[in-house]
Amino acid sequence: MEEKKFYVLPQLTFNYGDLTPYISEEQLRIHHSIHHKAYVNGANIILQKLDEARKKDAELDMKSTLKALSWNIGGHLLHSLFWRNLTPPSIGGGKPGGTLGDVLEREFGSFERFKKEFTQAAVSVEGSGWAALSFCRQTGRPIIMQIEKHNTNVYPMFRILMILDVFEHAYYIDYKNKRGKFVEAFWNIVNWEEVNKRLEKILK
Ligand code: MN
Numbered sequence: 033m034e035e036k037k038f039y040v041l042p043q044l045t046f047n048y049g050d051l052t053p054y055i056s057e058e059q060l061r062i063h064h065s066i067h068h069k070a071y072v073n074g075a076n077i078i079l080q081k082l083d084e085a086r087k088k089d090a091e092l093d094m095k096s097t098l099k100a101l102s103w104n105i106g107g108h109l110l111h112s113l114f115w116r117n118l119t120p121p122s123i124g125g126g127k128p129g130g131t132l133g134d135v136l137e138r139e140f141g142s143f144e145r146f147k148k149e150f151t152q153a154a155v156s157v158e159g160s161g162w163a164a165l166s167f168c169r170q171t172g173r174p175i176i177m178q179i180e181k182h183n184t185n186v187y188p189m190f191r192i193l194m195i196l197d198v199f200e201h202a203y204y205i206d207y208k209n210k211r212g213k214f215v216e217a218f219w220n221i222v223n224w225e226e227v228n229k230r231l232e233k234i235l236k
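Each residue of the sequence shown is one higher than the last, beginning at 33 in my numbering.
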């Protein structure tokens with residue numbers, strides 16, 4: 033096994049002052065070098081904590097650990113995407129062309145309509161969060177997404193290898209309210225071949 037990796041604060045592809053007057057130098061510097069960095073550090077500290085607990089086979093509060101981990105990883109990944117879809121005003125702005133222009137036009141009817149919906153999505157995010165343009169491969173439709181905080185426990189853009197439904201509707205006929213019994217039973221019916229296939233597809 034190769035050595036375990038940790039997260040790294042990415043360099044910006046422009047200087048802190050390059051987005052003025054839309055984002056000031058001070059705002060961008062603090063946002064990137066202090067706030068984004070805090071997520072990188074936070075995620076790495078939790079990963080180290082996990083490594084140590086596993087080494088000693090120590091107990092962990094999984095619920096709070098995973099919540100904090102997803103907050104920090106989500107913060108890191110989303111900021112990394114955010115910086116890359118910004119560019120100095122001499123290059124950026126205007127309207128998208130190419131495939132993106134076509135896809136937005138087909139979905140929203142016009143770029144102006146997309147802009148209006150995205151703006152309203154961003155302005156109305158509950159509490160702290162993000163607005164994102166995403167794409168559904170199943171329908172081929174771009175879909176606007178609101179992300180509350182950085183996560184709500186999801187690691188944005190991570191690929192799921194294995195998943196277990198623990199909604200009560202998945203087990204109440206067989207196990208009533210005994211979620212633990214259902215989780216125990218799950219280990220007898222996992223299709224490891226499929227899970228392995230998913231992993232190998234990503235590693236290729
Ligand atoms: Mn931020």
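C-beta atoms are modelled at their ideal positions from N, C-alpha and C, and glycine is treated no differently.
With 6 Å as the limit, the residues whose C-beta approaches any heavy atom of the ligand MN more closely are 63, 67 and 111, in sequence along the chain. Annotated three-state conformation of residue 219 is coil, per DSSP.
The three-state secondary structure of residue 35, taken from DSSP, is coil. Between the stretch 103-120 and the stretch 61-80 there are three or more inter-stretch CB-CB distances shorter than 8 Å, so the stretches are counted as touching. Around the beta carbon of residue 219, fewer than 16 other beta carbons lie within 10 angstroms, which makes this residue exposed. Straight across, the Cα-Cα distance linking residue 46 with residue 211 is about 50 Å.
Comparing C-alpha distances from residue 147 to each of 125, 161 and 222 shows the shortest one belongs to 125. Nearest to residue 164 by alpha-carbon distance, out of 181, 171 and 170, is 181. Counting the other CB atoms within 10 Å of its CB gives residue 128 a total below 16, which places it among the exposed residues.
Residue state for residue 161 is assigned as strand, using DSSP reduced to three classes. Between the alpha carbons of residue 87 and residue 151 lies a gap of roughly 47 Å. Nearest in C-alpha terms to residue 37, of all of 51, 77, 62 and 177, is 77. Within the stretch 35-67, no beta strand (DSSP E) run of at least 3 residues lies entirely inside it. The residues 175, in chain order, have a CB closer than 6 Å to that of residue 168 in the same chain once the five nearest residues on each side in sequence are set aside.
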